[in-house]
Every structure is written in C-alpha cells, then in structure tokens.
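A quick write-up on the structure given underneath.
2 protein chains.
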Amino acid sequence: MKPTVHDLAEAAGVSLATIDRVLNGRSGVRDKTRNRVLEAMDRIGYVRDVAAANLARQRFYDFDFIVPVNDNAFMQALRAEIVAAQARGGFERTRIRLIDVPAFDEEALEGALASALQRKPDGVAFVAIDSDRIVTAVSSLRDEGIGAVTIVSDLAEQSRDHYVGIDNVAAGRSAASLLGRFLTGVDGTVAIMAGSLSVRDHRQRLDGFLAVMQSEFPALRVLSPLQGRDEAHTVERLLTKLMEERGDLLGLYSLGAGNDGLVRALSQARVPPRFVIAHELDIATKGALRDGTIDAVLAQDAGHEIRSAIRVLTAHADRTPIIAAQERIRIEIYLRDNLPQEQP
Amino acid sequence: MKPTVHDLAEAAGVSLATIDRVLNGRSGVRDKTRNRVLEAMDRIGYVRDVAAANLARQRFYDFDFIVPVNDNAFMQALRAEIVAAQARGGFERTRIRLIDVPAFDEEALEGALASALQRKPDGVAFVAIDSDRIVTAVSSLRDEGIGAVTIVSDLAEQSRDHYVGIDNVAAGRSAASLLGRFLTGVDGTVAIMAGSLSVRDHRQRLDGFLAVMQSEFPALRVLSPLQGRDEAHTVERLLTKLMEERGDLLGLYSLGAGNDGLVRALSQARVPPRFVIAHELDIATKGALRDGTIDAVLAQDAGHEIRSAIRVLTAHADRTPIIAAQERIRIEIYLRDNLPQEQP
DNA sequence: CAGATTTTGACGTACGTACATCAAAATTCT
DNA sequence: AGAATTTTGATGTACGTACGTCAAAATCTG
Numbered sequence: 001m002k003p004t005v006h007d008l009a010e011a012a013g014v015s016l017a018t019i020d021r022v023l024n025g026r027s028g029v030r031d032k033t034r035n036r037v038l039e040a041m042d043r044i045g046y047v048r049d050v051a052a053a054n055l056a057r058q059r060f061y062d063f064d065f066i067v068p069v070n071d072n073a074f075m076q077a078l079r080a081e082i083v084a085a086q087a088r089g090g091f092e093r094t095r096i097r098l099i100d101v102p103a104f105d106e107e108a109l110e111g112a113l114a115s116a117l118q119r120k121p122d123g124v125a126f127v128a129i130d131s132d133r134i135v136t137a138v139s140s141l142r143d144e145g146i147g148a149v150t151i152v153s154d155l156a157e158q159s160r161d162h163y164v165g166i167d168n169v170a171a172g173r174s175a176a177s178l179l180g181r182f183l184t185g186v187d188g189t190v191a192i193m194a195g196s197l198s199v200r201d202h203r204q205r206l207d208g209f210l211a212v213m214q215s216e217f218p219a220l221r222v223l224s225p226l227q228g229r230d231e232a233h234t235v236e237r238l239l240t241k242l243m244e245e246r247g248d249l250l251g252l253y254s255l256g257a258g259n260d261g262l263v264r265a266l267s268q269a270r271v272p273p274r275f276v277i278a279h280e281l282d283i284a285t286k287g288a289l290r291d292g293t294i295d296a297v298l299a300q301d302a303g304h305e306i307r308s309a310i311r312v313l314t315a316h317a318d319r320t321p322i323i324a325a326q327e328r329i330r331i332e333i334y335l336r337d338n339l340p341q342e343q344p
Numbered sequence: 001m002k003p004t005v006h007d008l009a010e011a012a013g014v015s016l017a018t019i020d021r022v023l024n025g026r027s028g029v030r031d032k033t034r035n036r037v038l039e040a041m042d043r044i045g046y047v048r049d050v051a052a053a054n055l056a057r058q059r060f061y062d063f064d065f066i067v068p069v070n071d072n073a074f075m076q077a078l079r080a081e082i083v084a085a086q087a088r089g090g091f092e093r094t095r096i097r098l099i100d101v102p103a104f105d106e107e108a109l110e111g112a113l114a115s116a117l118q119r120k121p122d123g124v125a126f127v128a129i130d131s132d133r134i135v136t137a138v139s140s141l142r143d144e145g146i147g148a149v150t151i152v153s154d155l156a157e158q159s160r161d162h163y164v165g166i167d168n169v170a171a172g173r174s175a176a177s178l179l180g181r182f183l184t185g186v187d188g189t190v191a192i193m194a195g196s197l198s199v200r201d202h203r204q205r206l207d208g209f210l211a212v213m214q215s216e217f218p219a220l221r222v223l224s225p226l227q228g229r230d231e232a233h234t235v236e237r238l239l240t241k242l243m244e245e246r247g248d249l250l251g252l253y254s255l256g257a258g259n260d261g262l263v264r265a266l267s268q269a270r271v272p273p274r275f276v277i278a279h280e281l282d283i284a285t286k287g288a289l290r291d292g293t294i295d296a297v298l299a300q301d302a303g304h305e306i307r308s309a310i311r312v313l314t315a316h317a318d319r320t321p322i323i324a325a326q327e328r329i330r331i332e333i334y335l336r337d338n339l340p341q342e343q344p
C-alpha cells in the first residue's frame, strides 16, 4: 500500500518527529539528516496524503479573486461562477473573496493587488492589465509566496504563475479563417469592432486576425478597428454609423464585448454584413446565432476558467503538480448548430 | 464552522453511535429516531466530510473501464488517458481496471459487463453498443448499485447513470453547417464516409448532417454514406474508388475513424474535394489541417472524457452531486488556426 | 573535558469520520 | 409483570498527518 510517514521514518532511519520537521520545513534538522530523509522519500516513493494533511491542520485555502466591474455578460458570468465556487467552498476547503475593481483602471487594480498583499491569502486570481506597475505589484505578491494567476487577459510571460484563458492570437486567427472562408469568391470590406486596444487580449485577437487576413485573404479589405469600450451603447452607435456610411460591408469581426449593442445595430441595419463573428456566448449572441444575425461565435467557458484557477491556485499552495491538459482553456467555436442546449 | 457529527448528535439529541448508524445505513435504529436525525441534518446543514470519511475507511474506488480494441488514434488516446488516470490512482484513491473487448462486438461487451457484475466494482465505464442485450446487462449492474457510465457512444436514455461524450446529432449538424456555408454559391455533390451505421454515435452524426443539408443546402446533393468500418485501409480504398468514379466531388464529411486512410486517399487524389471535414484530432488530421488537405475537424477531448467519467463515477459512489456544467463534453471545432500548440 | 547548544526522539492530542464491542435502556412479546 | 428482544449509548481504536512538549543524545565551543 501507499507508504506513509511511518514507512518513511523507518526507511530513513529517523523518528517521526524528524520526518515532520523535514516535510514541513521546520528548523533544527542537520543537512545530512534532511538529505537522508529526502533520499528515502523518493526511494520508497512517498507522497504526502494531502487530504489527511488538510484534515489534520484544518486547512482552508484563502483566495482573492479580483474582477473588473463591467456590465458585459461575460464578466457577469465570470462573477456568477466565482459566487458558485464560494458556495462550494465548504466542501473544497476554500474561502474565496471576490474583489471588485473599476474596469480598465490600472491604479485600482494595483490597489487591489496591494491590499491582497496585506491580507496574505494563499493565492490571487485577477483579470490583468498589462503594464509595468501591475507586473511589479504581482512580483511583490509572488515574493511572499502568494500564488498569482491571471484570468481572461494575461500579463507578460513569467511574471505570473499561470494564465487561465484562451490563446487570443489563435482566436483572432480563427475568426479570420472562418470569415475569409465563408466569404470566398467575393471581394469587399471587412470591419473590426474592438473594446479597447490597450488590453492585451483585444490586441492579441486583432493581431491574429489581421495576420491571417493579410496573408490568406488579401482580396478582402480590412478597415481600421473601431473601439467600443465594451459598452453596448457605444458599440451600437459606432457600428450603426459605420453601416450607414458604407452599405457594402461584407464582414464584421467583433472582438470585444457589448454584444447587446452589436446585435441591436445589426438587426436594425438596412444591409447587414454577410458574415458576422463575435466573442462570448451570452443571451444576445445565442439569440443572434439562432436567427442568423450572427454567423459564428468564439467563446471561452467562464465556469471552466474559474474552476481551473481554483485548481491551479490550490496546487500552487500545496506545491503539487497540475494536469496541464486539464487546465488548457480551449477556444470554443459556436455555430447555430452546436449551441449547447439549455438544461431543463 | 462546518458542523460535524458531534454537532449533529447534539442537535438530534442522540449519541454519536446512532448518528453513525443512520449515516451509514446500519440497522437497529427506530424510524422515529432516524427521522429525528435526518431532520436535524438538514436543519443544521450537516454534510459529511468525504475526505475524512475516506481516510477513516481506507476507501478506494474500484472502477472498470471497458474499451474496444481498435487501432484508430482516438481509441488509443482514450486508452492512454485511462492509463494516465491509473497512474494518478494513488492520489485520487481510485483503482482502475482497463478491460479490452473486440470492437463492434456485442457479445464480447456483454461478457465484459457480466464479468464486471461478478467483480462488483463501484462503477463501470464503457463504450456502448446500443442493443437490448447490453441494456439488460447494464441494468443488472445498476441493480447491484454499480454505477454505469457510457463513454463516447451512448445507450438509450435512462438505461445508464450518465453519458460522457459529445452530442453527436449536434456534431453532424455542425459539420453540415460548416460544409454548406464554406461551399456557398456552388452546387455539386457531397460524400459521406461513416464507420459503421450500427453504432449509435455514427448514426446520430449522419442524422444531424443530413437534416441540415436537406433543409438548408438543398443545392448540394448528398451521396449515400460509405462504411469504412473505422479501418484506415478500407476507408482509403473506398474513398479512392469513389473519387476516381466521380471527379466532381465538392465536399466530404468523414464521420468515423480511419483518418490515416482518409488523408492518404485525399492527398493522392487528382482532384480532391473542395471542402473536407473529419472527426477527431490526431496526427493525421493535424497534419492534414496544416497543409490544407482537411479544412475542419470536429473533436472531443479524450482526457476530459476519462477524467469526467471518473468524477461522475466517484460522485455516484459517494452519492454526491456533480457539477453538471463541468461534465458537459463540448464539440470542439478545429481549423488550421486554432490547433492547440504542442507543449514543449 | 565540561558546559553550552543544537539536533533528534518519544509521546500525546487533534482533525472528522468509520467501525467494533459491550452495557444500559426502551420496547415488544407472552 | 417478567422475559426476550430491539434500540441506543458509551467508549475506544483507527486512518495519515500536523503540531506541541520535554527529555535524551549528539555536536560544538572554549
């Protein structure tokens, strides 16, 4: 059977107390002894029973989730999933604190990270804004041994422990590929609606999209992107104006939020674009997919992301490996025909 | 803090021993007393600490996974994921037995299920063949309290505890939708390569595909499906012959396995179809997506499916609820541009 | 080498639950 | 009512680990 601390003590020729000192990094163990224990550990293949350990120490995992206040459906879904995770906290031995910050506000995020540094939770998950100040704040957290996980939008590589979210460049490329192939044989103009190009995920989607459009569908002319700030009414206004100005719009890629406004503008247009692709599955886009206003949607599953963030942070706290494949968040592509059916 | 058995005993006004009898369904408790305990349970919101319980009873979950022997890449991936799960068994307190059966062999599957009935594991997961005999065998298992989960291919509803796999009708519909929209403006002929129409998942994919083709793309003529038995060389032979007979093939939907043969036939064809869509992401289809031999791939993640099956079976054994959204297996759509990059 | 200091061992209790045993109390039967 | 039977309680040990205390042993210091 799986070796226990007792087996380990015997194998290393030391007492249980010493095993405990080594396993839990307590002081007062000579290097020679510690090495003997470590050697015995991988000789007999001892792995700590995390469940028993957590039971004994009454362990609870303290996590902070910092989420921008934003009326868009995806952020609300994310928030709802955090609340659902809080409810499961008793079973999963987690205590999750949900911290709101104003959207696109670097200072506020920095403040939230600083206050997390005060509280010293076991880990922090946050929607990143990619800037030096944030990177600095995060590295202070990590210096304290606090796990740092970005969700949805990433920081520069290496400055966090893990990123939970889709590959946004690939998302942009996929959008271009779908759009380009659905519009074969024709040439015309394609528009882009972004949220804000100062956020890394939007920039990456744009980059991916433009790269594929240029190299593979040069016949399609791409207008420079509009910025709707992820606000429904702004998106609606800008898009309506654009479609009035030019009736020949062939395709549209909406890479940010504000889908309510997007759908409203499209359904009121005299001549809507032939192919429209947007991000995130919400009530607006589901309806629009069904009635053909939108042709395809790229999405990420908020529930998966929150659960993944929790697993990753827990593993970090336990110094336990993660199952990499399980934590890869996939880009979901939805057409009318593979919409997930509502559960009754 | 979370109430324990002690709190429960106090709340119900009985002793710990009685609590234990009720919780673990032991005999010798008057109905009146049992009800008092149950009432107290949901009054104070007691939930058993499964980790502690498992520790105390040294519990291991015994699961049987019955998988057809099949040289196709997806089944091999499934098998590999089961092996990986076996390796994690120590941590997850599971003991997984991998049982091979010949592919498409109803009797063999029935025998495997019967032998599981002998062993009395906590749960059984299997790739179903949809027939009365199998349904009967499964219901014997369930009568014994053994959890029964179908993976990849389902049984008739209600005859198993859970199905882990994609919605195959939706998959077929999505294939049609992609194919139809990528081939707008032209009319011509579309071919279908199935594995065997006696398996439920293939039949369902076909149904979904045909439904959408007929209702939305009536201009495209659909040939009656070939059956390649999921064998690479059969698929290659049939497809090569077909393409030689008619050089005007516009589209192809391969809804079964044998992707090696599919790709070989396509890359050797004089005039390959304009749009090809297949199932499952493996070396053959990845390569073919990259070089344009195949345009789109519908896939399911074998790792997710195995992990989901384990979670579901564990929950069944513990009489614990599952997170429904987490266990929904999604249809993944891959284009060249959203291929998951290999981890280094 | 004695004394100071560090390292190690022995042991007990706890976490929340399972499970077994024996005695006491309550209920049912005759 | 008394005996037989069923139900309930009291108590102890175990699971694998954490953590604390105290004494013994080993090592270092001058």
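Quick note, the sequences are listed as chains A and B, same order. Counting in full-length UniProt numbering, the first sequence runs from 1 upward without gaps. Counting in full-length UniProt numbering, the second sequence runs from 1 upward without gaps. Idealized CB from N, CA, C, for every residue including glycine.
Strand pairing of residue i, partner residues [DSSP]
i	result
residue 221 (chain A)	A:189
residue 95 (chain A)	A:62
residue 227 (chain A)	A:194
residue 297 (chain A)	A:278, A:334
residue 254 (chain B)	B:193
residue 151 (chain A)	A:164
residue 102 (chain A)	A:69
residue 249 (chain A)	A:189
Neighbour-count burial assignment, residue i, 16 or more Cβ in a 10 Å radius
i	result
residue 35 (chain B)	exposed
residue 228 (chain A)	buried
residue 72 (chain A)	buried
residue 283 (chain B)	exposed
residue 243 (chain B)	buried
residue 20 (chain A)	exposed
residue 17 (chain A)	exposed
residue 230 (chain A)	buried
residue 27 (chain A)	exposed
Extent of the continuous beta strand (DSSP E) to which residue i belongs
i	result
residue 332 (chain B)	332-334
residue 269 (chain A)	Looking at the DSSP string, residue 269 (chain A) is not in any beta strand (DSSP E), and its letter there is neither H nor E.
residue 124 (chain A)	123-126
Cutoff 6 Å; reference residue i; Cβ partners in own chain excluding five residues on either side
i	result
residue 347 (chain B)	In this structure chain B extends from 1 to 344, so residue 347 (chain B) is not present and cannot be described.
residue 232 (chain A)	258, 260, 261
residue 50 (chain B)	318
residue 254 (chain A)	193, 262, 278
residue 315 (chain A)	322
residue 236 (chain B)	261, 264, 265
residue 12 (chain B)	36, 37, 40
residue 226 (chain B)	193, 238
Close Cβ partners of residue i (< 8 Å) along its chain, the five nearest in sequence each way excluded
i	result
residue 134 (chain A)	106, 109, 110, 113, 128, 155
residue 38 (chain A)	22
residue 130 (chain A)	153, 154, 155, 156, 199, 200
Neighbourhood of residue i by C-beta distance below 7 Å, restricted to the same chain and skipping five residues each side
i	result
residue 340 (chain A)	none
residue 187 (chain B)	219, 220
residue 343 (chain A)	Bear in mind that a pLDDT of 49 at residue 343 (chain A), under 50, signals an unreliable position, so the number given afterwards is only what the model happens to contain. Closer than 7 Å at Cβ, skipping near neighbours: no residue.
residue 141 (chain B)	113, 116, 117, 124, 148
residue 274 (chain B)	183, 250, 251
residue 207 (chain A)	169, 172
Residue range of the unbroken alpha helix (DSSP H) whose run includes residue i
i	result
residue 135 (chain A)	132-143
residue 308 (chain B)	302-318
residue 19 (chain A)	16-23
residue 214 (chain A)	200-216
residue 286 (chain B)	283-291
residue 129 (chain A)	No alpha helix (DSSP H) contains residue 129 (chain A), which DSSP labels as neither H nor E.
residue 33 (chain A)	31-44
Determine, using beta-carbon pairs with one atom in the stretch 177-195 of chain A and one in the stretch 151-168 of chain A, whether at least three such pairs fall under 8 Å. no
Would you check if the stretch 120-138 of chain B and the stretch 75-91 of chain A touch, i.e. whether three or more CB-CB distances between them fall below 8 Å? no
Looking at C-beta atoms only, is the number of pairs between the stretch 84-103 of chain A and the stretch 165-181 of chain A that lie closer than 8 Å three or more? no
Is it true that the stretch 289-306 of chain A meets the stretch 65-80 of chain A, where meeting means three or more beta-carbon pairs spaced less than 8 Å apart? yes
Report yes or no: do the stretch 287-299 of chain B and the stretch 169-181 of chain B share at least 3 C-beta pairs separated by less than 8 Å? yes
Quick check: the stretch 282-295 of chain A against the stretch 329-338 of chain A, are there 3 or more CB pairs under 8 Å? yes
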